[in-house]
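A quick write-up on the structure given underneath.
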Amino acid sequence: MYPPDPSKSGESSAAAPEPVTGIPVGMFYPAPPMERVVSCRMAPAAGGAWTTALCDCADDCNTCCMACWCPCIPVGQIAEIVDRGSSSCALNAVLYCLVFHVSAGMCQWVYSCAYRARLRAAYDLPETPCSDCLVTFCCQTCSIAQMHRELKNRGHDPNLG
């Protein structure tokens with residue numbers, strides 16, 4: 771596999787031909803510059819309608835399951851995007867859990883209602899099918915999933931914040 775070592779076999783020290791690898795030896799090719807642009811700006815308001823309905827949970831099963839079994843994570847991701855990076859996903863998730871535990875699971879809908887109102891204001895979305903408070907109180911899981919899908923549909927990656 772390797773060329774024989776001439777010093778060990780007693781042969782002359784004539785240079786053996788170098789193997790051809792297809793890669794120029796001695797040439798320097800700098801790596802292309804790596805750029806990662808992170809935008810904290812919200813996309814301009816399209817003005818008008820939600821891109822996803824309140825009960826379209828089946829459109830994105832991952833988001834639906836996360837909103838159902840661990841809502842603090844999507845709420846944290848939504849809050850980080852709506853706050854334009856001024857607060858972290860982890861901080862908002864912890865605050866959501868704190869409100870949940872302090873209120874014995876009765877008032878965490880208020881926290882998600884506040885972010886639903888902010889999201890609607892940022893994208894000029896209608897308050898339908900009913901008020902934000904009523905939607906989040908009666909069907910918080912669907913509301914969280916809808917907000918998460920809305921941000922995805924508008925070009926945000928909630929997993930990145």
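Residue 771 is where the sequence shown starts when you use our numbering, and the numbers rise one by one after that.
Note that beta-carbon positions come from the ideal geometry of N, C-alpha and C, so glycine has one too.
Computed from a predicted structure; not experimentally measured.
#1: Find the nearest neighbour of Ala-823 within the set Asp-927, Arg-888, Glu-897, judged by alpha-carbon distance.
#2: What residue does the alpha helix (DSSP H) around Ala-892 start on, and which one ends it?
#3: Candidates Ala-849, Leu-865, Phe-870, Cys-831: which alpha carbon is nearest Leu-921's?
#4: Would a C-beta distance cut-off of 7 Å place Val-852 and Arg-888 closer than the cut-off?
#5: Apart from the five residues on each side of it in sequence, which residues of its chain come closer than 7 Å, Cβ to Cβ, to Trp-879?
#6: Under 7 Å between the Cβ atoms of Asp-886 and Ser-913?
#7: CB Ala-915 to CB Cys-827, shorter than 7 Å?
Concretely, from the data shown:
#1: Walking along the sequence shown from the start, residue 823 turns up at place 53. Nearest of Asp-927, Arg-888, Glu-897 to Ala-823, Cα basis: Glu-897.
#2: To locate residue 892, count along the sequence shown from 1; it is residue 122. It spans 878-893 - the alpha helix (DSSP H) in which Ala-892 sits, taken as one unbroken run.
#3: Taking the sequence shown and counting its residues from 1, one reaches residue 921 at position 151. For Leu-921, the nearest C-alpha among the options comes from Ala-849.
#4: Stepping through the sequence shown from its first residue, residue 852 is reached at position 82. Stepping through the sequence shown from its first residue, residue 888 is reached at position 118. Contact flag set, yes.
#5: Residue mapping note: residue 879 aligns to position 109 of the sequence shown, counting from 1. So the qualifying residues of the chain are Thr-906, Phe-907, Gln-910.
#6: If you number the sequence shown from 1, residue 886 lands on position 116. If you number the sequence shown from 1, residue 913 lands on position 143. For the record, residue 886 in the displayed sequence is Arg; it is not Asp. Contact flag set, yes.
#7: Along the sequence shown, one-based indexing puts residue 915 at 145. Along the sequence shown, one-based indexing puts residue 827 at 57. Closer than 7 Å, so yes.
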